[in-house]
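Notes follow once the structure below has been shown.
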Amino acid sequence: MIELHVILILMIIVAVMAIEIEDLLSSIIALGAVGMGLSLQFLLLKAPDLAITQLVVEILSLIILIKATVGTGIPIKKEKMSLAYLCFGVLFIAIFLGLGLKAVKELPAFGYPLMKMGSQYIAEAVKRTGATNIVAAIILDFRGYDTLGEATILFTSVIGVLAVLRKTGKIK
Amino acid sequence: MKERGMSLIVKRITKITVSLIFLFGVYILLHGHLTPGGGFAGGVIIALSFIHLVLAFGKESALRRLSEAAVSVIESCGGLMFWGIALLGFMGGYFFLNVLPKGRPFDLFSSGIIMLCNIAIFLKVGAGLFSIFIALAIFRMPSEDKREND
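Which chain is which? The protein sequence lines are A and B, in order.
Every position in the first sequence, counted from 1, becomes a number in our numbering once 876 is added.
Take the second sequence: its letter number 132 is residue 115 in our numbering, and every next letter is one higher.
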């Protein structure tokens, strides 16, 4: 458990760095480091499916971010935060963390399988679907609807990007 | 016209590595129902192998292998295939029913529709993400055009 906390603290430090660094490229690389830390976290929590997906998506989004920002001459504006905004932000985070702590106390202990539905899936997945990777069995068989929705979201986002960036049919 | 892409070293190494990345993506994709991975991760890895080509050789030579129109057709095919597999369930009863034979566990051709679903998601995700990258690679800011004309 100690390594999880170490990685988590490093991720928070790097995330703060990503916001504060002036240089755009360094900021994007810091963002990539956060994603790599998340991938390691998934691996340590024994979720290799998520770790692989997180790793490759992080690499892709890093490339896309670099392509979209660096060298295009988009100016960066940094504004100094006023004191009132800062106070409001700190207050909001304090309230949010307090309520979150209250909610977390109600949850079952970390890693303790309690869910009725989940134990059912674990018991019957191989028998009913024939897939030995239980994650694939759940996302593509038991919860096919969710994956369909996810595919629709991806389709819509791709259409959105292409509509913004297209060259033909644009009114000058 | 000046040579597109990166230096000779990058091009030579890309020629060796790109096929390995592609093969690894296919492995992750086809074994999605047996080992960690699946359509999404495999699709992203295969899209990354094409992005690797674009980055090393410049967009023209990579687009000759896989044009923009082909990418959009592939993505739509993936979406339609996923819907088709879902509708196939009506043969046995309801939406998304696993109607195909399950086979033995740990076989490559087992688990009914899950493998087909993985392939459909691979087509969709790989083509979709690659088309986003292609759009960004082709897109130029108006300021850039002006700089080249000067």
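Where a beta carbon is used, it is the ideal one built from N, C-alpha and C, also for glycine.
From a predicted model like this one, the values you see are computed outputs, not experimental measurements.
Item to check | Inter-residue CB distance, LYS(-6)/B and ALA39/B (contact presumed, cutoff 8 Å) | outcome: 6 Å
Item to check | Minimum C-alpha distance to LEU6/B - residue among ILE97/B, SER(-10)/B and ILE29/B | outcome: ILE29/B
Item to check | Beta carbon proximity, ASP133/B to chain A, threshold 8 Å | outcome: Because the pLDDT of ASP133/B is 45, which lies under 50, any placement of that residue in the model is unreliable, and the number read from its coordinates should be weighed accordingly. Not closer than 8 Å to any Cβ of chain A, the Cβ of ASP133/B fails to qualify, so no.
Next on the checklist: Please report the straight-line C-alpha distance between TYR1053/A and GLN996/A, rounded to a whole angstrom.
Outcome noted: The displayed coordinates of chain A run from 877 to 1048. Any statement about residue 1053/A would go beyond what the structure contains.
Checklist entry - Where does ILE889/A land, buried or exposed, given buried means 16+ other C-beta within 10 angstroms? => result exposed
Checklist entry - Relative to the C-alpha of VAL910/A, which residue among LYS956/A, GLN930/A, MET887/A and GLY1006/A is closest? => result MET887/A
Next on the checklist: Less than 8 Å between CB atoms is the rule here; does CYS100/B satisfy it with respect to chain A?
Outcome noted: yes
Checklist entry - Got a sec: is the Cβ-Cβ distance from ALA24/B to anything in chain C below 8 Å? => result Reference to chain C is not applicable here, since the protein chains of this structure are A and B.
Item to check | Chain-ordered neighbours of LEU1041/A on chain B, where CB pairs are closer than 9 Å | outcome: ILE115, ALA118, LEU119, ILE121 and PHE122
Item to check | Same chain, Cβ closer than 6 Å to ASP133/B, five either side skipped, listed in chain order | outcome: Any reading at ASP133/B must be qualified, since the residue scores a pLDDT of 45, below 50, and its modelled position is unreliable; the value itself is stated next. Closer than 6 Å at the Cβ level, and outside the excluded window around ASP133/B, lies no residue.
Item to check | Straight-line Cα distance separating ALA891/A from PHE105/B | outcome: 31 Å
Item to check | Chain-ordered neighbours of SER(-8)/B on chain A, where CB pairs are closer than 8 Å | outcome: Sequence inspection shows Ile at residue -8/B; the Ser mentioned does not correspond to that position. Correct list: empty, because the minimum Cβ distance to chain A is about 20 Å.
Checklist entry - On the premise that ALA69/B lies in contact with LEU1030/A, defined as a C-beta separation below 8 Å, what is that separation, rounded to the nearest angstrom? => result Incorrect: roughly 16 Å between the Cβ atoms, too far for contact.
Item to check | Reduced DSSP category for ASP1022/A - H, G, I as helix; E, B as strand; rest coil | outcome: helix
Checklist entry - Taking just the CA atoms, how far does LEU914/A sit from ILE904/A? => result 16 Å
Checklist entry - In angstroms, rounded to a whole number, what distance separates the CA positions of HIS16/B and VAL56/B? => result 26 Å
Item to check | Proximal residues, the segment 25 to 40 of chain B versus chain A, C-beta separation under 8 Å | outcome: VAL27, ILE28, ALA30, LEU31, ILE34 and LEU38
Next on the checklist: Tell me the residue span of the alpha helix (DSSP H) that contains VAL946/A.
Outcome noted: Segment: none, VAL946/A is in no alpha helix (DSSP H) and carries neither H nor E.
Item to check | Exposed unless 16 or more other CB atoms sit within 10 angstroms - verdict on LEU12/B | outcome: buried
Next on the checklist: Is it buried or exposed, ASP1022/A, if we count other Cβ atoms within 10 angstroms and call 16 or more buried?
Outcome noted: exposed
Next on the checklist: Does GLU879/A pass the burial test, meaning 16 or more other C-beta atoms within 10 Å, or should it be called exposed?
Outcome noted: exposed
Item to check | Beta carbon of GLY21/B nearer than 8 Å to that of ASP925/A | outcome: yes
Checklist entry - Near ALA927/A, what residues of its chain come up, given a Cβ to Cβ distance below 8 Å and the 5 sequence neighbours on each side ignored? => result SER915, LEU916, PHE918 and LEU919
Checklist entry - Skipping 5 residues on each side, what residues in its chain have a beta carbon closer than 7 Å to that of VAL980/A? => result none
Checklist entry - Given that PHE1031/A touches chain B, what residues does it touch there, using C-beta distances under 8 Å? => result GLU58, GLY62, LYS107 and GLY111
Checklist entry - How big is the Cα-Cα spacing for HIS881/A and ILE998/A? => result 28 Å
Checklist entry - Can you tell me whether LEU921/A is buried or exposed, with buried defined as 16 or more other CB within 10 angstroms of its CB? => result exposed
Checklist entry - When DSSP labels each residue in this structure, what does SER44/B get in the three-state scheme? => result helix
Item to check | C-alpha distance - ALA53/B paired with GLY1036/A, whole-angstrom precision | outcome: 18 Å
Checklist entry - By how many angstroms is the C-alpha of GLU1026/A removed from the C-alpha of MET64/B? => result 15 Å
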